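**Student:**
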């Protein structure tokens, strides 16, 4: 219990450090860059194209630092603390997946501008739209069979996310967010952790039972998704949330090889920078013992890259006359969900349905509770209440509720059919037709948002 509390405090301190670093960025470097970019590229089309390319490159850097350094450092910490994999996967490791959204909101909150906060909040809600619609849709299209999902963790995380979203709507109802309101979101996260950890703590001692703990994977998801014949994650769990077993992946199509080479070439500047500034935390790495340094510095890197993404999006919205909500729910959300999307598609192709779909949804609970609550709590402690117009986010909340409802209905359709038929047994999962329906719904929601916002 003490070790878990220490880790939570360490993560909070790292977020605070990143928030201070990006506050300096927001008040010094970013305004100058934004002014120069606006004046240098007089053509809106040229400015938009170059800004989109810059955004994609920033998102590539985010994916690399999260996949190669942040998540392995958290994995190592969980291993040192002997946290069972079934708990770590849905708690601390999900923080690594949610880090872009959390620190994006930290950057926007540190800046103190309403437009930036609206963009970051829209990105958090847009990430949920992707997690409940786009990622399951893509997974069903690449999976060798229909996605069969463990219903208990799926229902648990979906219900907790609905509770988190309801709490967010409640505290934003008057467009004013104070210390106690943001603290309420953090309490929801604490309750989520208790739901996960209490059954483990109360589990009867079994001398024949050997809990499996997190072991940092030698092969990361981005590399696995692009490299042929790479083994999947080096972890395994028979009961864990999103169980993954090491096995060989299928042969990759021929066209993927040039794509891999191009991405490898473009990613070299980031990889060189991170290699010389961040200690590696791999299983056989000699610098593995420096994982706390990697954890803190990788969070700072994610914060700085999130700041760059935020200001690039601002330039793009000015060039294309987009609203901040549309930019957040599309560009920022898509970029921040790149690591989860790559990982989920890769796992679905290998036949790991739980790990492909459920982990992406579990991280959304942290997006809302810590992604919104923690930066707001730290800001309101020193600067007072935050004003965020609730009316601008109402449509997002409504459309997100529709997507969550559709996701649950499609997943639980087998249960409903079993209740009203003579068939024995039932399944929880998604078929390719369900995936197409979710994909159409995702596109329709985004088109509707662009029209309305």
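Residue numbers (mature numbering (1 follows the signal peptide of the UniProt record, and there is no 0)): -18 to -1, 1 to 435.
Beta carbons are placed, not taken as given, at the ideal position from N, Cα and C, and that holds for glycine.
Source: prediction; values computed, not measured.
1) Nearest CA to the CA of residue 141: which residue from 355, 425, 343, 427?
2) Taking contact to mean at least 3 C-beta pairs separated by less than 8 Å, is the stretch 321 to 339 in contact with the stretch 117 to 128?
3) What residue ranges within the stretch 88 to 160 form continuous beta strand (DSSP E) runs of no fewer than 3 residues, ordered along the chain?
4) Compare the beta carbon distance of residue 353 and residue 155 with 9 Å and say whether it is the shorter of the two.
5) Could you give the DSSP three-state label for residue 31: helix, strand or coil?
6) Apart from the five residues on each side of it in sequence, which residues of its chain come closer than 7 Å, Cβ to Cβ, to residue 58?
7) Run the CB neighbour count on residue 296, radius 10 Å, all protein chains shown included, and call it buried at 16 or more, exposed below.
8) Using 8 Å as the Cβ pair cut-off and three pairs as the minimum, do the stretch 287 to 296 and the stretch 94 to 107 touch?
9) Please give me, in chain order, every unbroken run of the alpha helix (DSSP H) with length at least 4 that falls completely inside the stretch 227 to 298.
10) Among 361, 415, 386, 391, which has the Cα closest to the Cα of residue 95?
11) Please classify residue 177: does DSSP put it in a helix, a strand, or coil?
12) Per DSSP, what kind of secondary structure is residue 66 in: helix, strand or coil?
13) Between the Cα of residue 279 and those of 165, 348, 239, 85, spot the shortest distance and give me the residue it belongs to.
14) What residue does the alpha helix (DSSP H) around residue 416 start on, and which one ends it?
15) Taking Cβ to Cβ, would you say residue 381 is nearer than 9 Å to residue 178?
16) In the DSSP assignment, the alpha helix (DSSP H) including residue 392 goes from what residue to what residue?
17) Please return the same chain residues whose Cβ sits closer than 6 Å to the Cβ of residue 389, not counting the five positions on each side in sequence.
18) What is the rounded straight-line gap between the Cα of residue 97 and the Cα of residue 150?
19) Since residue 369 sits in a beta bridge, which residues does DSSP pair it with?
20) Between the Cα of residue 118 and those of 49, 324, 378, spot the shortest distance and give me the residue it belongs to.
21) By alpha-carbon positions, which one of 417, 419, 308 ends up nearest to residue 433?
22) Does the separation of the CB atoms of residue 35 and residue 291 fall below 9 Å?
23) If you follow the alpha helix (DSSP H) that residue 322 is part of, which residue opens it and which one closes it?
24) For residue 239, verify whether its CB is less than 8 Å away from any heavy atom of the ligand ADP.
25) Just the Cα atoms here: how many angstroms apart are residue 212 and residue 47?
26) In terms of alpha-carbon separation, which member of 244, 276, 301 lies closest to residue 42?
27) Mind checking residue 226: buried by the 16 CB within 10 Å criterion, or exposed?
28) Would residue 321 be called buried (16 or more neighbouring beta carbons within 10 Å of its own) or exposed?
29) Between the Cα of residue 283 and the Cα atoms of 313, 81, 300, which residue gives the shortest distance?
30) Can you pull the DSSP bridge partners for residue 411?
31) Candidates 339, 139, 239, 275: which alpha carbon is nearest residue 51's?
32) If residue 392 sits next to residue 419, beta carbons under 8 Å apart, how far is it from one beta carbon to the other, in whole angstroms?
33) Whole angstroms are fine: how far does the CA of residue 101 sit from the CA of residue 232?
34) Whose C-alpha, out of 395, 240, 176, 65, is nearest the C-alpha of residue 415?
35) Alpha carbon to alpha carbon, how far is residue 417 from residue 266?
**Tutor:** In brief:
1) 343
2) yes
3) none
4) no
5) helix
6) 198, 263, 270, 273
7) buried
8) yes
9) 238 to 259
10) 361
11) helix
12) strand
13) 85
14) 414 to 434
15) no
16) 376 to 393
17) 114
18) 18 Å
19) 158
20) 324
21) 308
22) no
23) 320 to 331
24) In the structure shown, the ligand ADP is absent, as is every other ligand, since no ligand is present at all.
25) Here residue 212 scores only 40 on pLDDT, less than 50, and its place in the model should not be relied on; the value that follows carries that caveat. Looking at the two C-alpha atoms, the distance is approximately 20 Å.
26) 244
27) Since pLDDT at residue 226 reaches only 42, below the 50 mark, its modelled position is unreliable, and the value read off the structure follows with that caveat. Under this definition residue 226 is a buried residue.
28) buried
29) 81
30) 130
31) 275
32) 7 Å
33) With a pLDDT of only 49 at residue 232, under 50, the local geometry of the prediction cannot be trusted, and no value is derived from it.
34) 395
35) 39 Å
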